[in-house]
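Protein sequences, first through last, are from chains W and P. Under my numbering, the first residue of the first sequence is numbered 389, with each subsequent residue one higher. Under my numbering, the first residue of the second sequence is numbered 238, with each subsequent residue one higher. C-beta atoms are modelled at their ideal positions from N, C-alpha and C, and glycine is treated no differently. Small disclaimer: the values here were computed from a predicted structure and weren't measured.
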Amino acid sequence: MTGDPPSIPDPAISIRDVSMSYGSRRVLDRVGLDVHRGEILVLLGGSGSGKTTLLKHVLGLTKPDSGSIRINGVDITSCSPSELAAVRRRIGVAFQAGALFNSLSVEDNVALPLQELTRLADSTIKLMVWMKLKAVGLSDAVGLYPPELSGGMRKRAAVARAMALDPELLIFDEPSAGLDPIVSAGVDELILFLKRTFRMTILVVTHELESAFHIADRVAMLHQGRLIAVGTKEQFSATDHPRLRQFLDRQPDPVAGEFAGAITSQLRKVRI
Amino acid sequence: MTLLEQVGRSATGYAEDAGALTIQFWTVFRKLPRVLPIVGKRRRWRSAVQQMFAIGASALPMAGIMSLCTGFILALQGASELRRFGALQYVVDLVAVGFTRELGPLITALAVSGRSASAISAEIGTMVVTEEVDAVRVMGLDPVEFILAPKYLAALITLPCLTVLSTLCGIFAGYIFLAFSIEMTLRVYVHAVAESILLRDITFTLVKSVVFATIIVHVGCLEGLRVRGGPEAVGLSTTAAVVKSTFLVILADLAATAIFYLMGWSAAA
Numbered sequence: 389m390t391g392d393p394p395s396i397p398d399p400a401i402s403i404r405d406v407s408m409s410y411g412s413r414r415v416l417d418r419v420g421l422d423v424h425r426g427e428i429l430v431l432l433g434g435s436g437s438g439k440t441t442l443l444k445h446v447l448g449l450t451k452p453d454s455g456s457i458r459i460n461g462v463d464i465t466s467c468s469p470s471e472l473a474a475v476r477r478r479i480g481v482a483f484q485a486g487a488l489f490n491s492l493s494v495e496d497n498v499a500l501p502l503q504e505l506t507r508l509a510d511s512t513i514k515l516m517v518w519m520k521l522k523a524v525g526l527s528d529a530v531g532l533y534p535p536e537l538s539g540g541m542r543k544r545a546a547v548a549r550a551m552a553l554d555p556e557l558l559i560f561d562e563p564s565a566g567l568d569p570i571v572s573a574g575v576d577e578l579i580l581f582l583k584r585t586f587r588m589t590i591l592v593v594t595h596e597l598e599s600a601f602h603i604a605d606r607v608a609m610l611h612q613g614r615l616i617a618v619g620t621k622e623q624f625s626a627t628d629h630p631r632l633r634q635f636l637d638r639q640p641d642p643v644a645g646e647f648a649g650a651i652t653s654q655l656r657k658v659r660i
Numbered sequence: 238m239t240l241l242e243q244v245g246r247s248a249t250g251y252a253e254d255a256g257a258l259t260i261q262f263w264t265v266f267r268k269l270p271r272v273l274p275i276v277g278k279r280r281r282w283r284s285a286v287q288q289m290f291a292i293g294a295s296a297l298p299m300a301g302i303m304s305l306c307t308g309f310i311l312a313l314q315g316a317s318e319l320r321r322f323g324a325l326q327y328v329v330d331l332v333a334v335g336f337t338r339e340l341g342p343l344i345t346a347l348a349v350s351g352r353s354a355s356a357i358s359a360e361i362g363t364m365v366v367t368e369e370v371d372a373v374r375v376m377g378l379d380p381v382e383f384i385l386a387p388k389y390l391a392a393l394i395t396l397p398c399l400t401v402l403s404t405l406c407g408i409f410a411g412y413i414f415l416a417f418s419i420e421m422t423l424r425v426y427v428h429a430v431a432e433s434i435l436l437r438d439i440t441f442t443l444v445k446s447v448v449f450a451t452i453i454v455h456v457g458c459l460e461g462l463r464v465r466g467g468p469e470a471v472g473l474s475t476t477a478a479v480v481k482s483t484f485l486v487i488l489a490d491l492a493a494t495a496i497f498y499l500m501g502w503s504a505a506a
C-alpha cells in the first residue's frame, strides 16, 4: 500500500527521508513522497500530523534536519538562495487564509509578482491580471480590498495571485478551511478546472476527507509525522490499515481519544 | 526556579535581544539603498512615502501639541523661580536651549514611539500570523527589502523633520508665555532665541533624533517579526514594542547627552 504506483520518471516534487524534530518531539519521521507531473496529490492528515511542517519544508521556509526535497530536480534543502528563488518562481502557493496584502487591492495583489519579478509593461500586466481573475471567477472584484472579500472570494484571489507567474506547480494549504460546504465545493471545482485547463501539477494539504477524495488522483496520509499510506482513491477506500480505516470511518481513538477526536471536532467546526 | 536561574535566564534574554537587534540592523541597512528614489526601486520608494505619512505626518499634531504644552510648562516653572531674582528674561534661554538640546527630540521620540512602534509591530505581527511574510518569501521577494526597509527609511527621514517642527512649537510656547506676562514682542523674542542657541545645539538635536528614529523602527519591526502563534501574540508584541522602545530612547538620550557633555561639545561658547 505504501509503494508508489509504477514510477514515472522525473517527478515534480520528490521528498526523500525527510526528518525534523522540535526539541525532543519528532514532527516528521523519514517521510518520502513523490508528486508526479500533471496529477493532483492530496496530503491528508489530522491536527498535529506534521502536514503543515512538511508543507513549509516543500516551500523552503524551513529546512529539515535530514533528508532531501527535490523540486524539478533541484534539491531545495541544499541549493543556493538564488537557485531557491528560481525554483519558487515556478511554484504558486495559495495560503490557508489567503495571505493577501491588505494594503493592496485584489488587482494589485495579483499584479505584485508580475511587477516585482518580470519586466512586463504595465498594460500587459493589467491584461494578465484580468485573465487570471477571470479564470478564478473574480473578474468583477478587481478594485476591492482583501478585508472587503468573503472567505471564498479571498481564496479565489489567492489562487489568482498564485497563478500570476504561470507556475507549473500549485500548492494549496487547507483550501476548504473556514468555508461553508457550497463555497468549499466551488473551490474544489476550481482546483479540478485548473488541472484540466492548465495541466498543472497540484499539491493539496487538507484534513477534509470528502474534498480530498473528490479532487485527488492520489492520496497520501500523514500520521504522527509518518507517511502511513500513499495510493489512489480506490486503493484508499479498500484499505484495511487500522489507522487509515479509523480516519476514513471517522472513529474516535479508543485509547487516547485525542487523534480522531481532534479531527472530528475540527471537522464539525468546519461543517457547522 | 532558583534566583541564579532567573538571573541567568533574563541575562540570556537580554543578550538575545541585543544580538537580534544587531543582526537586523545590518541586514536592513544593507538594503536601504534599494528604497531610495532614483537609485532604488520605484515601488519601494513609493511605499516608503506612504510610511512617511503614517509615521511622520499623522504624528505631527500630537507631537506638536505635546511640545507646546511642555514648552508652556517649562516657561511657567522657570518663571516662578526666575521671577524671584528679577530675571524673567532668562525664560527665553531656558525654553530655547532646553528644547533644542533636550526636550524637542525626546518628546517627539516618545510621541512617535507610542504611536508608531506599536503600529509597526502590530502591522508586521499580523503579517506574520496571516502568513503574509511567508507569502512574500515564497514569491521570491526579500521581506527585509519589501517590508522593513521602507519603514526604516521613512522613520529616518520623518523623525528629524518632526523634531524640528515640534521644537519650534515648544519654543513658540515660551513666546506665548512671555507675550502675556511681560508683553515681549515676537521680534525681540526671536532675536533672544537666536542668540541663545548655537548651531552645535541644532546638530546635536538632529543626531539624537536620527538615533531615536533607528531605535523606534528597529524595536517595532523586531517585536513584530517575533510574533508566533495567534492574534493574542500580536497584542503582546505591541506592548513590548512600546515599552522597549520608550526605555531604549531614554537610555540612548542619556548616553548621547553624556558623550556630548564629556567631549565638552555642550558647553556654552
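For leucine 537 of chain W, name the three-state secondary structure that DSSP assigns. Residue state, collapsed to three classes: coil.
Collapsed DSSP secondary structure at methionine 299 of chain P in the structure displayed: helix
Can you tell me where the beta strand (DSSP E) with leucine 340 of chain P in it begins and where it stops? No beta strand (DSSP E) contains leucine 340 of chain P, which DSSP labels as neither H nor E.
Taking the straight line between their C-alpha atoms, what separation do you get for isoleucine 570 of chain W and isoleucine 559 of chain W? For isoleucine 570 of chain W and isoleucine 559 of chain W, the distance between alpha carbons rounds to 22 Å.
Kindly indicate which three-state DSSP category valine 415 of chain W falls into: helix, strand or coil? In the structure shown, valine 415 of chain W falls within a strand segment according to DSSP collapsed to helix, strand and coil.
May I ask which residues mark the beginning and end of the alpha helix (DSSP H) holding aspartate 384 of chain W? The structure shown has nothing for residue 384 of chain W, since chain W only spans 389 to 660.
Who are the neighbours of leucine 378 of chain P on chain W, taking C-beta pairs under 7 Å? Glu504
Can you list, in chain order, the residues of its chain whose CB lies under 7 Å from that of leucine 331 of chain P, leaving out five sequence neighbours each side? Leu311 and Gly315
Residues of chain W with a CB under 9 Å from the CB of glutamate 253 of chain P: which are they? Under the 9 Å cutoff, chain W gives no residues; its nearest Cβ is about 17 Å from glutamate 253 of chain P.
Give the secondary structure of valine 444 of chain P by DSSP, where H, G and I count as helix, E and B as strand, and everything else as coil. Looking at valine 444 of chain P - three-state DSSP - the assignment turns out to be helix.
Checking contacts by CB at 8 Å: is valine 481 of chain W closer than that to chain P? Residue contact with chain P for valine 481 of chain W: present (Cβ-Cβ distance below 8 Å to some residue of chain P).
Is any beta-carbon of chain P found at less than 8 Å from that of leucine 597 of chain W? Leucine 597 of chain W does not count as touching chain P.
Continuous beta strand (DSSP E) assignments of at least 3 residues falling wholly in the segment 556-632 of chain W: 557-561, 589-594, 606-611 and 614-620
Pull up the DSSP beta-bridge partners for isoleucine 292 of chain P, would you. For isoleucine 292 of chain P, which the question treats as bridged, DSSP gives no partner whatsoever.
Beta carbons nearer than 9 Å to chain P: which residues of the segment 489-520 of chain W have them? Along the segment 489-520 of chain W, going in chain order, the ones with a CB nearer than 9 Å to a CB of chain P are Phe489, Asn490, Ser491, Leu500, Pro501, Gln503, Glu504 and Leu505.
Proximal residues, the segment 423-455 of chain W versus chain P, C-beta separation under 9 Å: Lys444, Leu447, Gly448 and Leu449
Kindly indicate which residue of P:Ala478, P:Phe266 and P:Gly301 has the alpha-carbon position closest to the one of leucine 405 of chain P. P:Gly301
In the DSSP output, which residue or residues are listed as bridge partners for aspartate 422 of chain W? W:Ser402
Let me know if arginine 281 of chain P comes out buried or exposed under the rule of 16 or more other beta-carbons within 10 Å of its beta-carbon. buried
Just checking: is the beta-carbon of glutamine 484 of chain W within a distance shorter than 8 Å of some beta-carbon in chain P? yes
What residue range is occupied by the uninterrupted alpha helix (DSSP H) comprising valine 381 of chain P? From DSSP, valine 381 of chain P is part of no alpha helix (DSSP H); its letter is neither H nor E.
Own chain residues within Cβ distance below 8 Å of proline 393 of chain W, not counting five before or after: With a pLDDT of 48 at proline 393 of chain W, under the threshold of 50, the modelled position of this residue cannot be trusted; read the value that follows with caution. Cβ neighbours of proline 393 of chain W beyond the five flanking positions: Arg606, Gly619 and Thr620.
Name the DSSP beta bridge partners of tyrosine 410 of chain W, please? W:Arg413
Reduced DSSP category for leucine 325 of chain P - H, G, I as helix; E, B as strand; rest coil: Assignment of leucine 325 of chain P by DSSP, reduced to helix, strand and coil, places it in the helix class.
Proximity below 8 Å, CB of phenylalanine 309 of chain P to CB of isoleucine 434 of chain P: no
Flag this pair as touching only if the segment 447-467 of chain W and the segment 518-530 of chain W have three or more C-beta atom pairs under 8 Å; answer yes or no. no
Own chain residues within Cβ distance below 7 Å of valine 272 of chain P, not counting five before or after: Excluding the 5 residues flanking it on each side, valine 272 of chain P has same chain C-beta neighbours closer than 7 Å at Arg281, Trp282, Ala285, Ala386, Pro387 and Leu390, in chain order.
If the criterion is Cβ atoms closer than 8 Å, does the pair valine 454 of chain P and alanine 392 of chain P meet it? yes
Please confirm whether alanine 372 of chain P has its beta-carbon closer than 8 Å to some beta-carbon of chain W. Yes - at least one Cβ of chain W is within 8 Å of the one on alanine 372 of chain P.
Enumerate in chain order the residues of its own chain whose CB-to-CB distance from alanine 400 of chain W is below 8 Å, with the five nearest sequence positions on each side excluded. Val423, His424, Arg425, Ile459, Asn460, Glu556, Leu557 and Thr589
Buried or exposed by the 16-neighbour rule on C-beta atoms within 10 Å, applied to serine 468 of chain W: exposed
Rounded to whole angstroms, what's the CA-CA distance from aspartate 490 of chain P to threonine 400 of chain P? Just pull it up for me. 14 Å
Neighbour-count burial assignment, asparagine 497 of chain W, 16 or more Cβ in a 10 Å radius: buried
Using only the alpha-carbon positions, how far apart do serine 435 of chain W and valine 517 of chain W sit? Those two C-alpha atoms are separated by around 35 Å.
Can you check whether the CB of glycine 341 of chain P is closer than 8 Å to the CB of glycine 293 of chain P? It is not a contact, given that the beta carbons lie outside the stated cut-off.
Mind checking who leucine 429 of chain W pairs with in its DSSP beta bridge? W:Leu591 and W:Arg606
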